Amino acid sequence: MRTSEIAELSRVHPNTVRLYEEWQFISPVPRKQNGYRVYSELHLKQMKIARLAFRQEFIQNNLRKKATKIVRLSGREQFKESSQAAEAYLAFLQTEYEYALKAIETVKHILQNKSITGKTYSHKSVAAMLQLTEETLRNWERNHLYTVERNAQNRRIYTERDVQKLLIIRTLRSAHFSITSIAHLFHELEQSKEKTDLLQILQTPTFSTEFFHVTDDLMNQLKIAMKDVKSIIAILTELQ
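Residue numbering for the sequence shown follows my numbering, starting at 148 and increasing by one per position.
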């Protein structure tokens with residue numbers, strides 16, 4: 148195949164094909180004596196892997212690194228390793244989907260004004276529960292996304308409500324809300340009442356509408372991304 152042909156089959160511009168070769172997303176492409184590139188079925192499959200990996204607009208930051216790892220390993224013809232990276236990526240996406248589901252259930256639980264236990268958690272245990280680093284939680288606290296009580300030893304003590312709020316923040320961050328925009332959102336809502344707790348914030352039309360719209364969109368994109376990764380794994384299985 149020539150560049151124009153593989154580009155058409157991959158539904159990209161010919162320049163994208165050349166860039167993918169330059170970035171080693173596909174195997175080195177042999178050339179004829181006249182300098183024309185000659186692409187094979189292998190290159191077409193590698194192009195499909197790259198297009199599937201990067202298709203979703205929400206693939207940013209950490210997600211993009213995981214997707215890029217799959218594509219680069221494929222481009223080096225390390226198909227077994229690429230498949231392993233794809234399986235790990237799929238597991239990560241599934242976890243994100245489960246957390247989004249949990250956030251929705253949490254919000255519904257709070258809005259129904261269901262009682263919470265008096266159980267408390269340590270900083271380390273909350274980080275583990277939410278699969279976040281302890282530094283991420285400290286960073287959110289420094290940026291005024293939440294506040295937490297401390298005991299006599301100056302250690303953070305998280306209530307169940309604190310954990311619920313952090314789960315909501317985690318979901319908004321997964322949907323690529325910036326820390327600044329989340330802080331601004333909470334601040335605006337808290338300014339509207341003399342005393343505002345998490346229930347009151349969630350009851351405001353502004354937050355409730357935005358949150359359910361964001362989580363619905365996030366979950367739809369995660370579903371598509373998981374389907375795409377499964378397609379990638381199928382292609383890599385053929386190549387091994």
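From the three backbone atoms N, C-alpha and C, an ideal C-beta is built for every residue, glycine too.
Source: prediction; values computed, not measured.
With contacts defined by Cβ atoms closer than 7 Å, Ile-380 and Ser-157 do not form a contacting pair.
Excluding the 5 residues flanking it on each side, Pro-161 has same chain C-beta neighbours closer than 8 Å at Thr-150, Ser-151, Ala-154, in chain order. By alpha-carbon distance to Arg-202, the top candidate from Thr-215, His-360, His-190 is Thr-215. Here Leu-319 has Ile-329, Val-361 as same chain residues with Cβ atoms under 7 Å from its own Cβ, once five neighbours each way along the sequence are excluded. Per DSSP, the beta-bridge partners of Ile-304 are Glu-296.
Inter-segment contact for the segment 290-309 and the segment 243-256 is absent: fewer than three beta-carbon pairs are separated by less than 8 Å. Excluding its 5 nearest sequence neighbours in each direction, Arg-184 has C-beta neighbours in its own chain below 6 Å: Thr-150, Val-176, Arg-178, listed in chain order. Nearest Cα to Ser-174 within the set Gln-180, Ile-304, Val-164, Asn-301: Val-164. The beta-carbon distance between Phe-226 and Leu-386, rounded to whole angstroms, is 4 Å. This is short enough to meet the 8 Å contact definition. If you check the CB distance, Glu-281 and Ala-275 do not come in under 7 Å. Assignment of alpha helix (DSSP H) within the segment 160-201, counting only whole runs of 4 or more residues, yields 161-169, 188-201 in chain order. Setting aside the 5 residues that flank it on each side, Ala-322 is surrounded in the same chain by Val-361, Leu-365, each with a C-beta closer than 6 Å to its C-beta; the list follows chain order.
Secondary structure remark: continuous beta strand (DSSP E) runs of at least 3 residues inside the segment 305-332: none found. Between the beta-carbon of Leu-369 and that of Tyr-244 there is about 5 Å, and that keeps the pair under the 8 Å contact cut.
Under DSSP, Thr-267 takes part in a beta bridge, and its partners are Thr-306.
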